[in-house]
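Accompanying notes for the structure given below.
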Amino acid sequence: MGFFLYLCTQNRIYMILYFSATGNSLAVARQLAEQLNEQLMPLIEAVQQDLTNEKRIGLVLPTYDFNLPPAMPEMVSRLKISPQSYVFTVVTCGSAAGNCIWVLRRILREKGIKLAYSHKVSMPDNSALAFGRNPNKQLGKFERVPARMEQIIRELKDESHTLHYSWFGLLSWLLGRKAIERGMIHCLGPKVIADKCNGCGTCVRVCPMENIRLTDNKAITGDHCTVCLACVHACAQQAFRTNGQDVRKERQYRHPDIKLKDLLLRSTEDHSSR
Ligand SMILES: Cc1cc2nc3c(=O)[nH]c(=O)nc-3n(C[C@H](O)[C@H](O)[C@H](O)COP(=O)(O)O)c2cc1C
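Residues in the sequence shown are numbered consecutively from 604, following this note's numbering.
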């Protein structure tokens, strides 16, 4: 019997889909993939795949303004997932995941899919630099991560049906999603400082929205920025401004276990074609 169960487990195909600008969500997604024997895939790639054969799908996403990143609802609604799959989410945040879980649950429900499990992991807030603060001074938040991850992994191994959430989400619902979103994109949307840009193309490769291209060896941002700030944090020239502020090197953040190359989604040849 044990051997039969082992064989069944080996044949199951599991998938962890992630969106990550500075590595917090990628670090969580990686740990889940390792511990649960699942595969990892960036969300932008997953929207082009047929995932209907996957028995278990995990979504690991960051929180923006107490909600999902602006581009996520549309991306998640495009995913091809079977209603029979066990679908779970782990949301990363600076402290408050707000409405994320409810919004995700609603989007999935509209596709006939049940969100079976959710939890959040607090890590340094990568938007802090846009408000004159330093995310690297929040590394103390990592102290509580192992215990939370242990709980999540234990519950996911049991295929738990529990939504861990916070009533704080009500706040963002009351404030009005679109108004918050427009304001956030307007204020935080990265602007290129042309004089500082050396055309290295790192921002093109790190942008999880494929929203930056090089023209005349200068970075140009497109019109579907989801304000993840990946470009702002990754630029070695500090050639992006956010919230009207120049960015100081010491405030650029990346999860300590994640290397820049782990976040690059495209090869160097792709620079000018996107
Ligand atoms: C535009 C923006 C808005 C954010 N809003 C929130 C928020 O409302 N609550 C929160 O706890 N963290 C917030 N954060 C912090 C991120 O959710 C957090 O740092 C996350 O772990 C980043 O994940 P990543 O490194 O995978 O991109 C925000 C970050 C950005 C860029």
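Think of the CB as a built atom: it goes at the ideal place given N, C-alpha and C, for glycine as much as any other residue. Predicted model only: the values in this text are computed from it and were never measured.
Environment of residue i [buried if 16+ CB atoms lie within 10 Å]
i, result
"L742", "exposed"
"S730", "buried"
"K658", "exposed"
"A842", "buried"
"H789", "exposed"
"D798", "exposed"
"E784", "buried"
"G626", "buried"
"E641", "buried"
"A837", "buried"
"D761", "exposed"
"H764", "exposed"
"P859", "exposed"
"R883", "Only positions 604 to 877 of the chain appear in the structure, and residue 883 is not among them; the question remains open."
"N670", "buried"
"R712", "exposed"
"R816", "buried"
Within 7 Å, strictly: CB atoms of residue i and residue j
i, j, result
"I619", "L635", "yes"
"S725", "S698", "yes"
"P645", "L868", "yes"
"A833", "C800", "no"
"G661", "F691", "yes"
"P749", "Y856", "no"
"N820", "G804", "no"
"V694", "K723", "yes"
"I861", "L639", "no"
"M752", "D668", "no"
"N846", "H827", "no"
"V850", "P793", "no"
"I796", "R844", "yes"
"C831", "A624", "yes"
"M812", "T829", "yes"
"A733", "L643", "no"
"K683", "D728", "no"
"L866", "V807", "no"
"R709", "L718", "no"
"L766", "S721", "yes"
Residues sharing a beta bridge with residue i, DSSP
i, result
"N670", "Y667"
"A822", "L817"
"I619", "L643, G661"
"V690", "I660, L718"
"T695", "P665, V724"
"I684", "L654"
"K794", "R844"
"L766", "S721"
"D860", "None; D860 has no bridge partner."
"D849", "R844"
Span of the alpha helix (DSSP H), counted from its first residue to its last, around residue i
i, result
"L950", "Since the displayed the chain opens at 604 and closes at 877, residue 950 lies outside it and no answer follows."
"E753", "748–760"
"C833", "According to the sequence provided, residue 833 is Ala. The question's Cys does not apply to it. Note, A833: alpha helix (DSSP H), 833–837."
"R709", "703–713"
"C806", "805–809"
Any chain C beta carbon closer than 7 Å to residue i
i, result
"A649", "Here chain C cannot be found, since the structure has a single protein chain."
#### Entry: Inter-stretch contact (C-beta, 8 Å, three-pair minimum) for the stretch 661–677 and the stretch 696–708
Output reads yes: the stretch 696–708 touches the stretch 661–677.
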